[in-house]
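Trainee: Just dropping this structure here.
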Amino acid sequence: MICLIRNLTSINPPINGFDILPLPGEITPGSDLARIKYYRNNLAHYDSNTMDITYFNTAWRDISDAVGRLGGQTMYQECQGLKVKILDQSNQEIMLEIKQSLEELKELKLTMEILKDPIPWHIKELIKKQIEDWEKKDKMFVSTRASDYVMEQLQDNSCLTLTAPSGVGKSFIARHTALLLKKEGYNIIPVYSPTDIKDYYQPGKQTVFIVDDICGNFTANQQQIDNWKQLLPVIKTIMADKCCKIIVSCRLQVYKDDKFKILSPFKSCECNLISDKLCLTSVEKTNIAKTYIGTSMTDIDDLSSKCDFFPLLCSLYHEKEDVDVKEYFKNPFDVYKRELDRLSEHGDEGNYKICSLALCVLFNNQLSEKWFKR
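Under full-length UniProt numbering, the sequence shown has 28 at position 28, and the numbering climbs by one with no breaks.
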């Protein structure tokens, strides 16, 4: 209607045109028509079934005054009567239909968002349950200088790799960091296979990808390295997106393998958890022992307290029942045995590394490189 009036009549437009709410002092016919049009469009596209009382009163007053000036006193009184009129059955039915339509629109909007989401619903449910498990275990997380350092580095780096042997706490720190980012609005996506990071990446959406034990647990897996190599352009694109973070955990022997060097993005920021800068301090070990064991370090054997996988030992002890703490920590070799058994399952490369370890033990770690040169 306004389109016809503004183009086919001589009515003067408001100062700012027909598409903006006229100033309070503008009371010309053109201004009143623009005022009605403005409120009509605003209310027609209102995304809630409730309204602020102040806005309601302002809108009703402006519209009533405009109708009164355009249609006379009778129309103005009609507006005033409608404001306090008790709804009859037909009006109530209309209101219910409007409310139902709003609910249907909300459901439709939610459905559209689900359809646009690249992550299938069953994967989202799996991720949700996994994160809930992380949050449950995170209640026992003990902050360390390493965990603080990781958060600091993520301020300036989009991709960060946690390196250490088994049992040091790489995965625990990665997940704890992801949960902290979740509080800042990030979505957590655990990466089960290399293609997940490509399929689930959404440009401009705050996301933290968690890659656990990348490229192998005990030896560098060439097939996994090749799979990640194909995705390097995607990885670089994600790293350039300031809304995204990639947190990787990697066994130290895999990270130092020559084959891993090709994956340069994952070597851009390393946090070595057994380095002098980030290894557990005596105070941190005491805090971990108190949290998981309920005892001080005086009850723990020196050998166990000095080993890199002390956090794993504490975690395993926490899951056991009726085990004497002193006896348990006197013999941590069960952990070594299990690691060696699993290493032997990785074919020739795993067996070669077992033989290398045996030689190091036999020669008291005094092997010379020249002995291996032809």
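C-beta atoms are modelled at their ideal positions from N, C-alpha and C, and glycine is treated no differently.
No experiment lies behind these values; they were computed from the predicted model shown.
If we call anything under 8 Å between Cβ atoms a contact, is T163 one with L273?
Mentor: Position 163 of the sequence shown, counting from 1, holds the residue named residue 163. Position 273 of the sequence shown, counting from 1, holds the residue named residue 273. Against a cut-off of 8 Å, the Cβ pair of L273 and T163 comes out as a contact.
Trainee: Do N12 and T28 have their C-beta atoms closer together than 8 Å?
Mentor: Looking up residue 12 in the sequence shown gives position 12. Looking up residue 28 in the sequence shown gives position 28. Yes; because the gap between Cβ atoms is below 8 Å, this pair is in contact.
Trainee: Take every Cβ of the segment 241-253, pair it with every Cβ of the segment 165-173, and state whether three or more of those distances are shorter than 8 Å.
Mentor: Cβ pair count under 8 Å is three or more, so yes.
Trainee: Using a 10 Å radius around the Cβ and a threshold of 16 neighbouring Cβ atoms, would you call W371 buried or exposed?
Mentor: Here residue 371 is taken as the residue at index 371 of the sequence shown, counted from 1. Exposed is the call here.
Trainee: Going by Cα to Cα distance, which pick from Q222, V234, V283 is closest to K259?
Mentor: The count along the sequence shown starts at 1 and reaches residue 259 at position 259. The option with the nearest alpha carbon to K259 is Q222.
Trainee: What does a CB cutoff of less than 6 Å around T161 pick up in its chain, not counting 5 residues either side in sequence?
Mentor: Within the sequence shown, residue 161 is the residue found at index 161, counting from 1. V248, C250, F266, E270.
Trainee: So who's on the other strand from L162, going by DSSP bridges?
Mentor: Taking the first residue of the sequence shown as position 1, residue 162 is located at position 162. Answer by DSSP bridge pairing, in chain order: S249, C271.
Trainee: Taking one C-beta from the segment 341-360 and one from the segment 219-239 each time, how about it: are there three or more such pairs within less than 8 Å?
Mentor: Yes, since at least three Cβ pairs between the segment 341-360 and the segment 219-239 fall closer than 8 Å, the two stretches touch.
Trainee: Cα separation between K109 and V254?
Mentor: Stepping through the sequence shown from its first residue, residue 109 is reached at position 109. Stepping through the sequence shown from its first residue, residue 254 is reached at position 254. Whole-angstrom Cα-Cα distance: 46 Å.
Trainee: Go ahead and label P190 buried or exposed: buried means 16 or more other beta carbons lie within 10 angstroms of its beta carbon, across all protein chains shown.
Mentor: Within the sequence shown, numbered from 1, the residue matching residue 190 stands at position 190. That one is buried.
Trainee: Would you mind reading off the limits of the alpha helix (DSSP H) that contains P311?
Mentor: For this step, residue 311 is matched to residue 311 along the sequence shown. Residues 310-319.
Trainee: For the beta strand (DSSP E) containing I210, name the first residue and the last one.
Mentor: On the sequence shown, residue 210 is found 210 positions in, with the first residue counted as 1. From DSSP, the beta strand (DSSP E) with I210 extends over 207-211.
Trainee: On the CB-based measure, 16 or more other CB atoms within 10 Å of its CB, does A44 come out buried or exposed?
Mentor: Residue 44 sits at position 44 when you count from the first residue of the sequence shown. Its Cβ having fewer than 16 others within 10 Å, A44 is exposed.
Trainee: In whole angstroms, what separates the C-alpha of S275 from that of P165?
Mentor: Taking the sequence shown and counting its residues from 1, one reaches residue 275 at position 275. Taking the sequence shown and counting its residues from 1, one reaches residue 165 at position 165. Their Cα atoms are separated by approximately 11 Å.
Trainee: Are the segment 306-315 and the segment 278-289 in contact at 8 Å, needing three or more beta carbon pairs?
Mentor: The answer is yes - the segment 278-289 touches the segment 306-315, with three or more Cβ pairs under 8 Å.
Trainee: Counting C-beta neighbours from all protein chains within 10 Å, is the total for F18 16 or more, i.e. buried, or is it exposed?
Mentor: Walking along the sequence shown from the start, residue 18 turns up at place 18. Label assigned to F18: buried.
Trainee: Leaving out five residues on either side along the sequence, give the residues of the same chain with a beta carbon under 6 Å from the beta carbon of C244.
Mentor: Along the sequence shown, one-based indexing puts residue 244 at 244. So the list reads T207, I238, once near-sequence residues are dropped.
Trainee: If we count the other Cβ atoms within 10 Å of its Cβ and call it buried at 16 or more, is I367 buried or exposed?
Mentor: Taking the first residue of the sequence shown as 1, we reach residue 367 at position 367. The displayed chain sequence assigns Leu, not Ile, to residue 367. With fewer than 16 Cβ atoms within 10 Å of its Cβ, L367 is classed as exposed.
Trainee: May I ask you to report which of helix, strand or coil DSSP gives P190?
Mentor: Position 190 of the sequence shown holds residue 190. DSSP places P190 in strand when its eight states are reduced to three.
Trainee: Counting only runs of 4+ residues fully inside the segment 38-88, write out the alpha helix (DSSP H) ranges in chain order.
Mentor: Runs of the alpha helix (DSSP H) inside the segment 38-88: 53-71, 73-84.
Trainee: If we define contact as Cβ-Cβ less than 8 Å, is K198 a contact residue for chain C?
Mentor: Included in the structure is just one protein chain, with no chain C present.
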